[in-house]
């Protein structure tokens, strides 16, 4: 699939904008993580074990986010869509179990991040198919 130089520049600009949105969402997720950590600290049953568990969850998200970012760079849309479906299932499960609003917002932010990542991967795949990336 060939595209003009102007189309290529437009796609590259769209990709840059999508990555900027991902960074903004990442900041939002970070805020949710901090508030969830604060909630655990103030809870009556908060113990050192709980803190370690939350730290592991946050480190896990960082690893997954790095993997998802590599999927964007490689244009692997299907892998991101699969991850997004899992995240949506976890979000619905959290809602069904009556989890806190902060936790639900955190899960929703992850879903939104991954949906934006899918858009960025589609742009990257288009650039790759056109031989521009």
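In full-length UniProt numbering, the protein residues as written are 1 to 133. From the three backbone atoms N, C-alpha and C, an ideal C-beta is built for every residue, glycine too.
| Check | Outcome |
| --- | --- |
| My understanding is that residue 119 touches residue 18, with C-beta atoms under 8 Å, so please give their C-beta distance in whole angstroms. | 6 Å |
| Are residue 8 and residue 130 close, meaning C-beta to C-beta below 8 Å? | yes |
| In its own chain, which residues sit with a C-beta less than 8 Å from the C-beta of residue 108, not counting the 5 before and 5 after it? | 91 |
| Going straight from the alpha carbon of residue 112 to that of residue 61, what length do you get? | 14 Å |
| Take residue 77 as the anchor and find which of 100, 114, 36 has the nearest alpha-carbon. | 114 |
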